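Protein sequence lines, in the order shown, are assigned to chains A and S.
Each residue of the first sequence is one higher than the one before, starting from 28 at the first, in the working numbering.
Each residue of the second sequence is one higher than the one before, starting from 2 at the first, in the working numbering.
Cβ coordinates follow ideal geometry from the N, Cα and C atoms, glycine included.
Keep in mind that this is a model prediction, so the values were computed, not measured.
Heads up, the thing below is written out as structure tokens.
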Amino acid sequence: MTTKLREVDVVIVGLGWTGGILAKELTEAGMKVVALERGGMRTSENDYSLPNIRDELRYVVRHDLMQNTARDTLTVRNNPQQEALPMRRLGSFLPGEVVGGSGVHWSGHTWRWTDMEFKIRSNYEERYGKKFIPDDMTIKDWGISYAELEPYYEKFEYTAAVSGKAGNLAGTIQAGGNPFEAPRARDYPLPPLTPILASEMFSDAARNAGYHPFPRPSANASQPYTNPDGSKFGGCQYCGYCQRFGCEANAKGSAHMTVIPIAMRNPNFELRTHAWATRVNKDSDGKRVTGVTYTNVLNGEEFEQPASIVLLCAYVLNNVHLLLLSGIGAPYEPVAQTGVVGKNYCYQTGAGATLFFDGKYFNPFMNAGGSNATIDDFNTNWAFDRAPHDFLGGFNVSGGFNTALPIGYRPVPSGTPQWGTAWKQATAKWYQTAMTINASGSVMANRYNCFDLDPTYRNAFGQPLMRMTFDYKDNEHKMGVHAAGVINDIAKSMNPTKLNSATARTDPWTVVPYQSTHNTGGAIMGSNPRDSVLNKYLQSWDCHNLFVIGANAFPHNSSYNPTGPVGALAYWTADAIKNHYVKNPGPLVQA
Amino acid sequence: MKKPELDRRDFIKGAVVGGAAAAGATTAITPIDIAQAEPAPAAPTAAPQAAGYEFLNLDEAAFIEAMVDHMIPADDISPKGTDLGVNIYIDRALAGSWGKGDRLYMQGPWKPGAPSQGYQLPLTPAQLYRASIEAANTHCRKTYGQSFDRLEAAQREEVLVGLSTGKIKFDSGLPVRTFWTTLYQTVIEGMYSDPIYGGNRNKAGWAIIGFPGAIAVHRDHVESYRGKPFPSKPLGIADLS
Numbered sequence: 028m029t030t031k032l033r034e035v036d037v038v039i040v041g042l043g044w045t046g047g048i049l050a051k052e053l054t055e056a057g058m059k060v061v062a063l064e065r066g067g068m069r070t071s072e073n074d075y076s077l078p079n080i081r082d083e084l085r086y087v088v089r090h091d092l093m094q095n096t097a098r099d100t101l102t103v104r105n106n107p108q109q110e111a112l113p114m115r116r117l118g119s120f121l122p123g124e125v126v127g128g129s130g131v132h133w134s135g136h137t138w139r140w141t142d143m144e145f146k147i148r149s150n151y152e153e154r155y156g157k158k159f160i161p162d163d164m165t166i167k168d169w170g171i172s173y174a175e176l177e178p179y180y181e182k183f184e185y186t187a188a189v190s191g192k193a194g195n196l197a198g199t200i201q202a203g204g205n206p207f208e209a210p211r212a213r214d215y216p217l218p219p220l221t222p223i224l225a226s227e228m229f230s231d232a233a234r235n236a237g238y239h240p241f242p243r244p245s246a247n248a249s250q251p252y253t254n255p256d257g258s259k260f261g262g263c264q265y266c267g268y269c270q271r272f273g274c275e276a277n278a279k280g281s282a283h284m285t286v287i288p289i290a291m292r293n294p295n296f297e298l299r300t301h302a303w304a305t306r307v308n309k310d311s312d313g314k315r316v317t318g319v320t321y322t323n324v325l326n327g328e329e330f331e332q333p334a335s336i337v338l339l340c341a342y343v344l345n346n347v348h349l350l351l352l353s354g355i356g357a358p359y360e361p362v363a364q365t366g367v368v369g370k371n372y373c374y375q376t377g378a379g380a381t382l383f384f385d386g387k388y389f390n391p392f393m394n395a396g397g398s399n400a401t402i403d404d405f406n407t408n409w410a411f412d413r414a415p416h417d418f419l420g421g422f423n424v425s426g427g428f429n430t431a432l433p434i435g436y437r438p439v440p441s442g443t444p445q446w447g448t449a450w451k452q453a454t455a456k457w458y459q460t461a462m463t464i465n466a467s468g469s470v471m472a473n474r475y476n477c478f479d480l481d482p483t484y485r486n487a488f489g490q491p492l493m494r495m496t497f498d499y500k501d502n503e504h505k506m507g508v509h510a511a512g513v514i515n516d517i518a519k520s521m522n523p524t525k526l527n528s529a530t531a532r533t534d535p536w537t538v539v540p541y542q543s544t545h546n547t548g549g550a551i552m553g554s555n556p557r558d559s560v561l562n563k564y565l566q567s568w569d570c571h572n573l574f575v576i577g578a579n580a581f582p583h584n585s586s587y588n589p590t591g592p593v594g595a596l597a598y599w600t601a602d603a604i605k606n607h608y609v610k611n612p613g614p615l616v617q618a
Numbered sequence: 002m003k004k005p006e007l008d009r010r011d012f013i014k015g016a017v018v019g020g021a022a023a024a025g026a027t028t029a030i031t032p033i034d035i036a037q038a039e040p041a042p043a044a045p046t047a048a049p050q051a052a053g054y055e056f057l058n059l060d061e062a063a064f065i066e067a068m069v070d071h072m073i074p075a076d077d078i079s080p081k082g083t084d085l086g087v088n089i090y091i092d093r094a095l096a097g098s099w100g101k102g103d104r105l106y107m108q109g110p111w112k113p114g115a116p117s118q119g120y121q122l123p124l125t126p127a128q129l130y131r132a133s134i135e136a137a138n139t140h141c142r143k144t145y146g147q148s149f150d151r152l153e154a155a156q157r158e159e160v161l162v163g164l165s166t167g168k169i170k171f172d173s174g175l176p177v178r179t180f181w182t183t184l185y186q187t188v189i190e191g192m193y194s195d196p197i198y199g200g201n202r203n204k205a206g207w208a209i210i211g212f213p214g215a216i217a218v219h220r221d222h223v224e225s226y227r228g229k230p231f232p233s234k235p236l237g238i239a240d241l242s
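In structure tokens form, the structure reads like this:
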């Protein structure tokens, strides 16, 4: 039996960065908001405090803050000919499952994606011609512009305490910043983090090679900070326990210590934890949604929460899964290329080298989430000619450390035995005296990389798992070759004692080991309902009172971390709802 | 390496069946005698506590002890694996929620799948360990006439190489590489996880690499120790609780 609750103005599914931003903004606008979060409540004071938060086994290896795959997971395969099998435990990516979501355990890297991404098809067609884009590459313009998002990027950066150095202030290039970034109205709210030896050595080598290194912008407060909402940040402690951990210093910008507590103090807001959304309900004509059905996972009781507006703010994968389970929008089919929901799933690629310097102490346990120097010369630099390398997209290259803890990080030169005294000697010698250079590369949409519902496997609620079909294509392989070459040239110029060179990836994508929690697409934005699920306000083309906020809206993936545009789009959507939608409910863009 | 003539397993098994069968004429042996017969662990490690096993049976304990002492021998870098408590860590991990399949999606149908699809066995980690140790010992008895813990060092080395490269195939059909990657990962965890989990005893694992442990507030150090060795006596969660 399902208990039907009283209607509210807004129901939010998932309370991380996007749900938290919308909860704060809409309750402040006077709307009654209920948030459903499948995970439990966690706070910095109670859960992310010393000494217990310093536990690599619990947080990194055993996934304490992450989605529990025993209850719900995906099935995975590399291509439509393969039989998909369940991802039986997490590996390649790590969706969060607590109040605060993945924004608790992120590293804080915050980028502004630019018109190079938002106008990708137009850009490449204009410069290289239509034929440069492979037939099966389903990239498209996003239907939004950098100029539209710029104030919302700024709002997110100031909310999340991003430390960095502007590279382009209103069109004037700034020394020490990223010269290839798009113009910004204001500098970052905080100066860059203190550099570490590895990032300094990388910067010197990159500069000598003619590149343009800059400190990676990160939501790790370089000094104590109070954001415009009054949320207080401590200064980053460079503790080395950033990625996969909550921050005991409240120095890492996270929704659980900024927007969520503000919403929770507002009488218009109600949070229900352990509330697992199983379906978004449609009204009889299919043009509106009526609310969300969910289960209280503490006792199995089912509820229907009616609402005037439904906001899906769960992780990318769970937003798309809910759409598919609810029958909202036509499911995508990759062979006939019909439908839209599940289309353009993208991931990221990369390459990396480890450099060993006898006698140099890098102290890999002293770093912030963003203790890297980065070059964008092969990424947002449009002057970099892709034609000779025959790929679209780009990669950024970084030197430094992030969460180099000993269960996961014990670099030894290639050829070192895996056990015994010689192995221990090498581990002891090189743990502190090695550094890494890594590239993160974009993944272009491909017609065969997509989501749909699995025909066989089910979750704890008896619902079909979502099926992920994904593999890297030639474009990524070619980019990997180029990225590995760039990394190795920089690395060799630094004269390391020993070098584990970067190699281009050629194997299929695998669910282990960890690679990146930057999954994108599946419910993408666009300028018409024939090839997208959402309009540029992340409003469903099918049901105008449904908004789906997150990286699910990205029609392809760049080399950058996604949280910058995810946060900006959440503020952008909040404004569209507050200023336009509630005054005149209906499609914000005519199909 | 000297072949062990009498170990705790012999004693306990002997005691159960009446003493003489396993241990020959040495009926007067007590657990205290055995403890004294073992070499004292190298300084600075304190004497290991008599921890006992929650999950591992006698054969499994002997296998794991021999395995971790082979992979992590006592030398000037660290005490041996059992003195680091790696065997205890593994036992507790297998007995606990992880070993019982916490967070593991355990619904069928079960298929081997492609390597890119990850773990697909219908076994919890504890079940995988149990079945794999049995299979590994079967291989050892067939090849060398002895279980793994009774092998010479060179034979143990040969077995480890066979397991890690997949050259050894288990007759039972268990995928060797799946066992090896699980085993290897848990050995690493037993060396480098916080001592509250039973391994990394006295933080001697962290000491190998100079990892400072749970005490990690480096705001003032990031500049002053840039490029310099950081003098560190590692501290764990229990030290700070």
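With a threshold of 8 Å between beta carbons, S:Ile89 makes no contact with chain A.
Cβ-Cβ separation between A:Arg81 and A:Tyr265: approximately 13 Å, too far for a contact (criterion under 8 Å). By the beta-carbon neighbour count (other beta carbons within 10 angstroms, threshold 16), A:Glu328 is exposed. Along the segment 389-412 of chain A, the positions whose C-beta sits under 7 Å from a C-beta of chain S are Asn390, Phe392 and Met393, read in chain order. Exposure of S:Gly109 is indicated by the presence of fewer than 16 other C-beta atoms within 10 angstroms of its C-beta. Burial of A:Asn584 is indicated by the presence of at least 16 other C-beta atoms within 10 angstroms of its C-beta. For A:Gln617, the closest C-alpha among the options A:Met462, A:Thr590 and A:Gln566 is that of A:Gln566. Interface flag for A:Tyr484 against chain S is set, since a Cβ pair is found closer than 8 Å. In this structure, DSSP gives S:Cys141 a helical state, which the three-state scheme calls helix. In the three-state DSSP reduction, A:Lys519 falls in the helix class (H, G or I).
For the pair A:Tyr541 and A:Leu121, the Cα-to-Cα distance works out to about 8 Å. Within the same chain, Cβ atoms closer than 8 Å to the Cβ of A:Gly613 are found at His571, the five residues on either side in sequence being excluded. At least 8 Å separates the beta-carbon of A:Ala97 from that of A:Val103.
The beta carbon of A:Asp501 does not come within 8 Å of any beta carbon belonging to chain S, so the residue lies off that interface.
Going by C-alpha positions, S:Thr183 is about 49 Å away from A:Glu152. The beta carbon of S:Glu159 does not come within 8 Å of any beta carbon belonging to chain A, so the residue lies off that interface. The beta carbon of S:Trp111 sits closer than 8 Å to those of Gln121, Leu122 and Pro123, all from its chain and outside the five residues before and after it, given in chain order. Here S:Lys234 is exposed, its C-beta having fewer than 16 other C-beta atoms within 10 Å. Around A:Gly118, the beta-carbon contacts reaching into chain S at under 8 Å are Gly119. Residue contact with chain S for A:Tyr268: present (Cβ-Cβ distance below 8 Å to some residue of chain S). Against chain S, the beta carbon of A:Thr100 has neighbours under 8 Å at Tyr106, listed in chain order. Taking C-beta separations shorter than 7 Å and ignoring five residues to either side along the sequence, the partners of A:Pro358 in its chain run Leu351, Gly366, Val368, Gly369 and Asp479, following chain order. Each residue's CA atom was taken as its position, placing A:Val538 and A:Gly118 some 6 Å apart. Its Cα nearest to that of A:Gly262, the residue A:Leu220 stands out among A:Leu220, A:Asp312 and A:Asp142.
Nearest neighbour of A:Asp163 by Cα position, chosen from A:Tyr484, A:Ser554 and A:Cys477, turns out to be A:Cys477. With respect to chain S, the C-beta atom of A:Glu52 has no partner C-beta closer than 8 Å.
Going by DSSP, A:Pro333 is part of the beta strand (DSSP E) stretching over Glu328 to Leu339.
Membership of S:Tyr54 in any alpha helix (DSSP H) is not indicated, and neither H nor E is assigned to it by DSSP. One thing to note: S:Gly191 has its Cβ within 8 Å of the Cβ of S:Val87.
Taking 4 residues as the shortest admissible run, the segment 159-217 of chain A contains the following complete alpha helix (DSSP H) segments, listed from N- to C-terminal end: 173-187. Within the DSSP bridge table, the entry for A:Thr102 names A:Pro113 and A:Arg494 as partners.
Taking the CA atoms as reference points, S:Phe180 sits about 15 Å from S:Ala94.
At least one C-beta of chain A is nearer than 8 Å to the C-beta of S:Ser242.
Sorting S:Glu135, S:Gln186 and S:Asp76 by C-alpha distance to the C-alpha of S:Leu59 places S:Glu135 at the top. Counting C-beta atoms within 10 angstroms of its own C-beta, S:His140 has 16 or more neighbours from the protein chains shown and is therefore classed as buried. For S:Ser165, the nearest CB of chain A lies under 8 Å from its own CB, placing it at the interface with that chain.
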